[in-house]
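As structure tokens, the structure follows; a few thoughts come after it.
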Amino acid sequence: MNLTKKYPPSYTYEDYRLWEGDWELIEGVPYAMAPSPFGKHQKIAGELIYQLREQLENCPQRCFVYPELDWIVSEDTVVRPDIMVVCKEVEEYLRETPELVVEVVSPSTVQKDEKLKFELYEREGVKTYVLVYPDLKKVRAFRLLRSRYRKFFDSDEGSLELKIKDCTLKIDVGRLW
38 MNLTKKYPPS
48 YTYEDYRLWE
58 GDWELIEGVP
68 YAMAPSPFGK
78 HQKIAGELIY
88 QLREQLENCP
98 QRCFVYPELD
108 WIVSEDTVVR
118 PDIMVVCKEV
128 EEYLRETPEL
138 VVEVVSPSTV
148 QKDEKLKFEL
158 YEREGVKTYV
168 LVYPDLKKVR
178 AFRLLRSRYR
188 KFFDSDEGSL
198 ELKIKDCTLK
208 IDVGRLW
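For this note's numbering, add 37 to where a residue sits in the sequence shown, where the first one is 1.
This is the structure:
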């Protein structure tokens with residue numbers, strides 16, 4: 038047996054802080070982040086951020102949209118989702134579970150977003166997880182019910198209804214493309 042497979046290295050947040058470049062750390066395993074997103078990715082993320090911020094302004098609970106903010110889940114897990122909604126102001130990084138996480142999926146991140154992060158966010162209690170597929174022009178959304186994600190939206194158009202605390206937000210999916 039290969040010793041590196043038998044004894045894989047395990048890293049912590051302290052190691053992560055020293056690394057150059059963009060990384061995520063999931064259960065002690067480092068994952069290099071894809072190079073800067075392309076225009077399509079940025080356009081979609083920007084439109085989502087705009088729609089979320091605009092509607093959150095009218096909500097009684099103060100919630101904020103954070104793009105690409107480090108979420109320190111534990112000492113061996115640090116992720117940087119494309120978009121998070123958090124119902125508190127964050128100065129440097131997040132240590133609490135966000136209400137909503139959005140990942141804009143690319144061919145290089147599909148496995149990590151659909152499997153690894155899906156399971157991580159589900160386990161950590163993220164109430165809503167949204168996957169946006171620019172190449173397919175499709176949005177899939179999952180809501181946490183009894184500690185398991187259930188898909189409640191899978192379309193390339195229409196209105197994606199999100200519940201954040203006491204507020205209902207409606208995302209116009211057609212405007213993303």
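In this text, a Cβ means the ideal position worked out from N, Cα and C, and glycines have one as well. Keep in mind it's a predicted model, so treat the numbers as computed, not measured.
query: Counting pairs of beta carbons, one from the region 43-57 and one from the region 97-105, are three or more of them closer than 8 Å?; result: no
query: To test your reading of the DSSP string, which unbroken alpha helix (DSSP H) runs of 4 or more residues are found completely within the region 154-211?; result: 154-161
query: Is residue 75 buried or exposed, if buried means 16 or more other CB atoms sit within 10 Å of its CB?; result: exposed
query: The alpha helix (DSSP H) spanning residue 50 covers which residue range?; result: 50-55
query: Check whether the Cβ atoms of residue 122 and residue 137 lie closer than 8 Å to each other.; result: yes
query: Which residue wins for smallest C-alpha separation from residue 201, given the options 169, 165, 179?; result: 165
query: Using a Cβ distance threshold of 8 Å, determine whether the region 165-177 contacts the region 136-154, with at least three qualifying pairs required.; result: yes
query: Flag this pair as yes or no: are the beta carbons of residue 71 and residue 146 separated by less than 8 Å?; result: yes
query: Between the beta-carbon of residue 181 and the beta-carbon of residue 159, is there less than 8 Å?; result: yes
query: Which same chain residues, not among the five before or five after residue 150, have their C-beta less than 8 Å away from its C-beta?; result: 140, 142, 168
query: Which word fits residue 88, buried or exposed, when buried means at least 16 other C-beta atoms lie within 10 angstroms of its C-beta?; result: buried
query: Compute the beta-carbon to beta-carbon distance between residue 106 and residue 85, rounded to the nearest angstrom, for a pair I have assumed lies under 8 Å.; result: With 8 Å as the limit, residue 106 and residue 85 do not qualify as a contact, their Cβ atoms being about 15 Å apart.
query: How many Å lie between residue 189 and residue 196 at the Cα?; result: 12 Å
query: Which same chain residues end up closer than 8 Å to residue 203 when comparing Cβ atoms and leaving out the 5 residues on each side of it in sequence?; result: 96, 97, 98
query: Should residue 119 be labelled buried (16 or more other beta-carbon atoms within 10 Å of its own) or exposed?; result: buried
query: Among the residues of its own chain, which have a CB less than 7 Å from the CB of residue 187, if the five just before and after it don't count?; result: 179, 180
query: Please report the distance separating the alpha-carbon of residue 154 from that of residue 109.; result: 14 Å
query: When DSSP labels each residue in this structure, what does residue 44 get in the three-state scheme?; result: coil
query: Mind checking which residues open and close the alpha helix (DSSP H) that includes residue 69?; result: From DSSP, residue 69 is part of no alpha helix (DSSP H) but of the beta strand (DSSP E) over 66-69.
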